[in-house]
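*Asks:* Shown below is the structure under consideration.
Number of protein chains: 2
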Amino acid sequence: MILEKKKAFNAFAAAKGLRSTRQRDIILDFFLSTRQHVSVEELYLKIKASHPGIGHATVYRTLKLFTEAGLAREILLNDGQTRYEHVSAGEHHDHLVCTGCNAIIEFEDETIEKLQKEIALLHGFMIKSHKLELYGLCAACRANQ
Amino acid sequence: MILEKKKAFNAFAAAKGLRSTRQRDIILDFFLSTRQHVSVEELYLKIKASHPGIGHATVYRTLKLFTEAGLAREILLNDGQTRYEHVSAGEHHDHLVCTGCNAIIEFEDETIEKLQKEIALLHGFMIKSHKLELYGLCAACRANQ
DNA sequence: CATATATTTGAAATTGAAAATCAAGAACAT
DNA sequence: ATGTTCTTGATTTTCAATTTCAAATATATG
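Residue numbers (full-length UniProt numbering), protein chains in the order written: chain A, 1 to 145; chain B, 1 to 145.
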């Protein structure tokens, strides 16, 4: 699966006439082996530990490339940090965000998606993307308070 | 209705031991007479035209106060600008955002709200707030492209 | 293989929104 | 009126993200 994604990115890069660089390979490896929802800073620090040479800007740039390539998706929560999550074959999911421990839980709901489409239709909108986030306390954090 | 909101803010200010200032009155007037979804900068510029003395920081601070007072709600869309919308008696609504002309259309959907609660329950979450935004092109912008 | 050219990188500077700082000014209780 | 405390606004700071640009690197070509 990781190999497939690497191939996908290489295909994208080739199609766009991008060069194959050591940095992009490294960043892709780290991104693919990381859990969902890494922030740029998080990923940058993780990479830096073993590859001190890699710069901030390159990580930012490269994550944008992954997004363009369809490997990653930008997640903007309410804390001003951009996160990136893995994209698997067009599926979309939404997020429960715990304001206590910052955990992010994914969910999908077909019915909600359908209702969204109806709402858009009603207003003559053509939806390109959407964002649904439920903020609150997860079970563990509720227990602790 | 505007009068009610002014009273509500005065009550809030009194309860919090805040002082009544010319600036807060002016900002409240402008906020109340403005359309939904003003960004801080927008409101600041509008006020500045007739009240050049009022500072950036005061507008930021005061809008946060309105939010605390329950008169306003912060809206964070994907463009990095904080907007404030009017709150009317606890009702909540979500947004269709046109990426063509930046129009923001409000909608409400009981069924979606209900489904959200079910999802939260399923995950043991206690929801404090939520955010649903549908990004796309409005009817007019679709026609123009 | 060498070389030319075009892309990519990374350090540093810049941007832009928001928050913090702090002296001067204003509100309020007395 | 006066002293205390809060508020303001110019400025600085912060922080994430982007831009800049010279140096480094990848690739095509001879």
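Cβ atoms here follow ideal geometry from the backbone N, Cα and C, with glycine treated the same way. No experiment lies behind these values; they were computed from the predicted model shown.
Answer yes or no: do B:His123 and A:Ile27 have a C-beta to C-beta separation smaller than 7 Å?
*Replies:* Taking the first residue of the second sequence as position 1, residue 123 of chain B is located at position 123. Taking the first residue of the first sequence as position 1, residue 27 of chain A is located at position 27. No, they are not a contact pair.
*Asks:* Could you give the first and the last residue of the continuous beta strand (DSSP E) run that contains B:Ile54?
*Replies:* Sequence index remark: in the second sequence, residue 54 of chain B carries index 54 (1-based). No beta strand (DSSP E) contains B:Ile54, which DSSP labels as neither H nor E.
*Asks:* Since A:Cys138 is in the beta strand (DSSP E), which residue starts that stretch and which ends it?
*Replies:* By 1-based counting over the first sequence, the position of residue 138 of chain A is 138. Note, A:Cys138: premise wrong, no beta strand (DSSP E); not H, not E.
*Asks:* A:Cys138 and B:Phe125: beta carbons closer than 7 Å?
*Replies:* Working through the first sequence from its first residue, we reach residue 138 of chain A at position 138. Working through the second sequence from its first residue, we reach residue 125 of chain B at position 125. Yes, they are a contact pair.
*Asks:* For my contact list, A:His130 and A:Gln116 are in at a C-beta cut-off of 8 Å; report their separation, rounded to the angstrom.
*Replies:* The residue you call residue 130 of chain A lines up with position 130 of the first sequence. The residue you call residue 116 of chain A lines up with position 116 of the first sequence. Contact flag correct, Cβ pair sits at about 6 Å.
*Asks:* Cα-Cα, which of A:Ile119, A:Leu43 and A:Ala69 is closest to A:Gly17?
*Replies:* Start at 1 with the first residue of the first sequence, and residue 17 of chain A comes out as number 17. Closest option to A:Gly17, Cα to Cα, is A:Ala69.
*Asks:* Candidates B:Cys141, B:Thr67 and B:Leu76: which alpha carbon is nearest B:Leu32's?
*Replies:* Locating residue 32 of chain B in the second sequence gives position 32, where the first residue counts as 1. Nearest of B:Cys141, B:Thr67 and B:Leu76 to B:Leu32, Cα basis: B:Thr67.
*Asks:* For B:Ala11, would you say it is in contact with chain A, using Cβ-to-Cβ distances shorter than 7 Å as the test?
*Replies:* If you number the second sequence from 1, residue 11 of chain B lands on position 11. So, not an interface residue.
*Asks:* Quick one: list the residues of chain A neighbouring B:Asn78, beta-carbon separation under 7 Å, in chain order.
*Replies:* On the second sequence, position 78 is the one that residue 78 of chain B refers to. Residues of chain A passing the Cβ test: Leu76.
*Asks:* Give the C-beta separation of B:Tyr60 and B:Arg73 to the nearest angstrom, bearing in mind that I take them to be a contact with Cβ-Cβ under 8 Å.
*Replies:* Taking the second sequence and counting its residues from 1, the one referred to as residue 60 of chain B is at position 60. Taking the second sequence and counting its residues from 1, the one referred to as residue 73 of chain B is at position 73. Their Cβ separation, rounded to whole angstroms, is 16 Å, which puts B:Tyr60 and B:Arg73 out of contact at 8 Å.
*Asks:* Report the three-state DSSP secondary structure of B:Phe66 (helix, strand or coil).
*Replies:* As a working note, residue 66 of chain B is residue 66 in the second sequence. Looking at B:Phe66 - three-state DSSP - the assignment turns out to be helix.
*Asks:* Is it buried or exposed, B:Arg24, if we count other Cβ atoms within 10 angstroms and call 16 or more buried?
*Replies:* By one-based count along the second sequence, residue 24 of chain B stands at place 24. Label assigned to B:Arg24: buried.
*Asks:* Would A:Thr21 be called buried (16 or more neighbouring beta carbons within 10 Å of its own) or exposed?
*Replies:* If you number the first sequence from 1, residue 21 of chain A lands on position 21. By the 10 Å Cβ count, A:Thr21 comes out exposed.
*Asks:* Looking only at its chain, what residues have a beta carbon closer than 7 Å to the beta carbon of A:Thr99, apart from the 5 residues adjacent to it on each side?
*Replies:* For the purposes of this step, residue 99 of chain A is identified with residue 99 of the first sequence, where counting begins at 1. Closer than 7 Å at Cβ, skipping near neighbours: Tyr135, Gly136 and Leu137.
*Asks:* Look up B:Tyr84 in the DSSP assignment and give the residues it is bridged to.
*Replies:* Taking the first residue of the second sequence as position 1, residue 84 of chain B is located at position 84. DSSP lists B:Val38 and B:Glu74 as partners of B:Tyr84.
*Asks:* Please confirm if B:Met1 has its CB atom under 7 Å from at least one CB of chain A.
*Replies:* Indexing the second sequence from 1 puts residue 1 of chain B at position 1. Judged by the 7 Å Cβ criterion, B:Met1 is not in contact with chain A.
*Asks:* Distance, Cα to Cα, B:Gly80 vs B:His37?
*Replies:* In the second sequence, counting from the first residue as 1, residue 80 of chain B sits at position 80. In the second sequence, counting from the first residue as 1, residue 37 of chain B sits at position 37. Cα-Cα distance, rounded: 14 Å.
*Asks:* Name the chain A residues whose beta carbon is nearer than 7 Å to that of residue 148 of chain B?
*Replies:* Nothing about residue 148 of chain B can be reported from this structure: the residues present for chain B run from 1 to 145 only.
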